[in-house]
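Enquirer:
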DNA sequence: GGTCTTTTGGTCCAGATTGGACAAAAGATT
DNA sequence: AATCTTTTGTCCAATCTGGACCAAAAGACC
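Protein chains in written order, with the working numbering: chain P, 1 to 227; chain A, 1001 to 1227.
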């Protein structure tokens, strides 16, 4: 935490108080919510403070300014997300590539459900070029892409994933799972889909897997990948 | 046009001047751009007027207020979009269902490229419940869904599209084609994808079709659909 | 061409909101 | 009790908010 929050200055001579941690957390949660709803420009620091139930000058105190708060909020969602994906990859090291990717998709869907802001903030910032987008790409999106694309290419070689530009494939998977959950408010009314139900969640993951990883693993995949 | 723009009042005794049409058009284009970038709340009428190169009180004159301008702008993108889809459906009446759906996907991708705001505005409004979202669903999204879902279900029955909740399928197709193009700014930097190139556009449509309509049409589909 | 309407330019407004500064009070930690 | 951290309350100057208003210009119609 002290990594991404900008505290007054260099050496905290005395240990951080508990109430301060709580305040920062409340502000981060509120910031994530507000920024994901109205974007950076459309969100005021006062709005965030209000949602957090905190006096607004505390933002300046804890995060220096609006921009730093945005970055802290982005780190907050993306770090937890990256962690859950990396964990999934790590835990399933021994499984076959298809199973590993499937588990990753499940993890993605689950996280996107618990934190729809993940996708919303991304779309908000990607809507026009700006320094925050560059930062987001450099710091979070590119690493995520790099960490996943290899597995995907392998699956294509094995005939499990369809051929074609892997980057395209990657992003379609991303949108079909994560993007869908960000549209929750709309889907219910326009298509009768309730993304809040666990069944829908499961159905989403299963459909993504069925569609994007339609092939079966060949019996000799161990040899193939070794060669 | 006079359908969605709110002119000063009831009966236009004299016909609308050409320059007025031009101004409205400039304002609509600017509004689409601004709203898609910063959302409704994050956009000021002055910003729109500036982008349009027009004095801001003209917004009041032509569209009464910000809300009406937003609606006019939404109508502007969605009507053109719906038209291009309906046209595609109409033109290919005689083709087989898979070909018709494929053409629709092409049309979708093409339109989403020329007007990325289509998806952006949707996401902007779907980010939290609000009256504009309700209006958008009622007026544009639901009809689009209803018009397409039948064809999709038919394709599922024919074994061309994968089984599962058709609403889910519909929205995944929507996101994989349209949503992808809305992220143009991001994709280039994070994945090396250039959505501006016609090749990428073609690749997107082809991949969507390959992935979501993997089956071949059975030879006896005419009988089947008649039965 | 003259008249009448539509459209535009320019200005103004009163009020709200913006991000942020600051001193003083309150609370924790040592 | 002394010292540091955190919170509170107040203030600010700047900007922006949507919208009202009217005089001038431009176009449509006769």
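The C-beta atom is built at its ideal place from N, Cα and C for all residues, glycine as well.
Quick check on the DSSP output: the alpha helix (DSSP H) that includes residue 95(P) runs from which residue to which?
Expert: Taking the first residue of the first chain as position 1, residue 95(P) is located at position 95. In the DSSP assignment, residue 95(P) falls outside any alpha helix (DSSP H) and carries neither an H nor an E.
Enquirer: Within 10 angstroms of its Cβ, does residue 1065(A) collect 16 or more other Cβ (buried), or is it exposed?
Expert: Here residue 1065(A) corresponds to residue number 65 of the second chain, with the count starting at 1. Classification of residue 1065(A): exposed, given that the 10 Å Cβ count is below 16.
Enquirer: Residue 166(P) and residue 1211(A) - do their beta-carbons sit closer together than 7 Å?
Expert: Looking up residue 1211(A) in the second chain gives position 211. Looking up residue 166(P) in the first chain gives position 166. No, Cβ-Cβ distance for residue 1211(A) and residue 166(P) is not below 7 Å.
Enquirer: Buried or exposed for residue 1008(A), going by 16 or more other Cβ atoms inside 10 Å?
Expert: Position 8 of the second chain, counted from the first residue, corresponds to residue 1008(A). Here the model assigns residue 1008(A) a pLDDT of 37, short of 50, so the residue's position is not dependable, and the following value carries that caveat. Exposed is the call here.
Enquirer: Looking at the C-beta of residue 1037(A), does it have a partner C-beta in chain P at a distance below 7 Å?
Expert: Walking along the second chain from the start, residue 1037(A) turns up at place 37. Closer than 7 Å to some Cβ of chain P, the Cβ of residue 1037(A) qualifies, so yes.
Enquirer: Got a sec: which bits of the stretch 91-103 of chain P sit with their beta carbon under 7 Å from any beta carbon on chain A, in order along the chain?
Expert: For the stretch 91-103 of chain P, no residue has a beta-carbon sitting nearer than 7 Å to a beta-carbon of chain A.
Enquirer: Here's the rule: buried if 16 or more other CB atoms are within 10 angstroms of the residue's CB, otherwise exposed. What is residue 1180(A)?
Expert: On the second chain, residue 1180(A) is found 180 positions in, with the first residue counted as 1. So residue 1180(A) ends up on the buried side.
Enquirer: I need the boundaries of the alpha helix (DSSP H) containing residue 134(P), first residue and last residue.
Expert: For the purposes of this step, residue 134(P) is identified with residue 134 of the first chain, where counting begins at 1. Segment 131-136, the alpha helix (DSSP H) holding residue 134(P).
Enquirer: What does the Cβ neighbour count give for residue 1120(A), buried or exposed, with the cut at 16 atoms within 10 Å?
Expert: As a first step, residue 1120(A) is located in the second chain; it is residue number 120 there, counting from the start. Buried, by the Cβ-count rule.
Enquirer: From residue 219(P) to residue 100(P), what distance separates their C-alpha atoms?
Expert: Here the question's residue 219(P) lines up with position 219 in the first chain. Here the question's residue 100(P) lines up with position 100 in the first chain. Residue 219(P) and residue 100(P) have their C-alpha atoms some 16 Å from each other.
Enquirer: Measuring CB to CB, does residue 129(P) end up less than 7 Å from residue 1185(A)?
Expert: Taking the first residue of the first chain as 1, we reach residue 129(P) at position 129. Taking the first residue of the second chain as 1, we reach residue 1185(A) at position 185. It is a contact, given that the beta carbons lie within the stated cut-off.
Enquirer: Tell me which residues share the same chain as residue 1018(A) and place their Cβ nearer than 8 Å to its Cβ, disregarding the 5 neighbours each side in the sequence.
Expert: Position 18 of the second chain holds residue 1018(A). Taken in chain order, the list of residues that qualify is empty.
Enquirer: Let's see if you can read the secondary structure: which residues bound the alpha helix (DSSP H) around residue 64(P)?
Expert: Reading the first chain from its first residue, position 64 is the one you call residue 64(P). From DSSP, residue 64(P) is part of no alpha helix (DSSP H); its letter is neither H nor E.
Enquirer: Below 9 Å between beta carbons is the criterion; list the residues of the stretch 179-200 of chain P that meet it against any residue of chain A, in chain order.
Expert: The stretch 179-200 of chain P vs chain A, Cβ under 9 Å: 179, 180, 182, 183, 184, 185, 186, 187, 189, 190, 191, 192, 193, 200.
Enquirer: Whose Cβ in chain P lies nearer than 7 Å to the Cβ of residue 1203(A)?
Expert: For the purposes of this step, residue 1203(A) is identified with residue 203 of the second chain, where counting begins at 1. At a beta-carbon threshold of 7 Å, the residues of chain P lying near residue 1203(A) are 164, 165, 168, ordered along the chain.
Enquirer: Quick check on DSSP: helix, strand or coil for residue 40(P)?
Expert: For the purposes of this step, residue 40(P) is taken as residue 40 along the first chain, with counting starting at 1. If DSSP states are grouped into helix, strand and coil, residue 40(P) belongs with coil.
Enquirer: Does the distance from the CB of residue 43(P) to the CB of residue 35(P) come in under 7 Å?
Expert: Position 43 of the first chain, counting from 1, holds the residue named residue 43(P). Position 35 of the first chain, counting from 1, holds the residue named residue 35(P). A contact, by the Cβ cut-off of 7 Å.
Enquirer: Taking 8 Å as the threshold, find out whether the stretch 1091-1106 of chain A comes into contact with the stretch 1202-1217 of chain A through three or more Cβ pairs.
Expert: yes
Enquirer: Please list, in chain order, all residues of the same chain as residue 149(P) whose beta carbon is under 8 Å from its beta carbon, the five residues on each side excluded.
Expert: Locating residue 149(P) in the first chain gives position 149, counting from the first residue. Correct list, in chain order: 166, 167, 170.
Enquirer: Count the other CB atoms, across all protein chains shown, that sit within 10 Å of the CB of residue 113(P); report buried if there are 16 or more and exposed otherwise.
Expert: The count along the first chain starts at 1 and reaches residue 113(P) at position 113. Residue 113(P) should be labelled buried.
Enquirer: If the cut is a Cβ gap below 7 Å, which residues of chain A does residue 137(P) touch?
Expert: Taking the first residue of the first chain as 1, we reach residue 137(P) at position 137. 1186, 1189, 1190, listed in chain order.
Enquirer: In the DSSP assignment, find the alpha helix (DSSP H) that holds residue 54(P) and state where it starts and stops.
Expert: As a first step, residue 54(P) must be located in the first chain, where it is residue number 54. No alpha helix (DSSP H) contains residue 54(P), which DSSP labels as neither H nor E.
Enquirer: Among 1084(A), 1194(A), 1155(A), 1062(A), whose alpha-carbon lies nearest the alpha-carbon of residue 1216(A)?
Expert: Position 216 of the second chain, counting from 1, holds the residue named residue 1216(A). Of the listed residues, the one whose Cα sits closest to residue 1216(A) is 1155(A).
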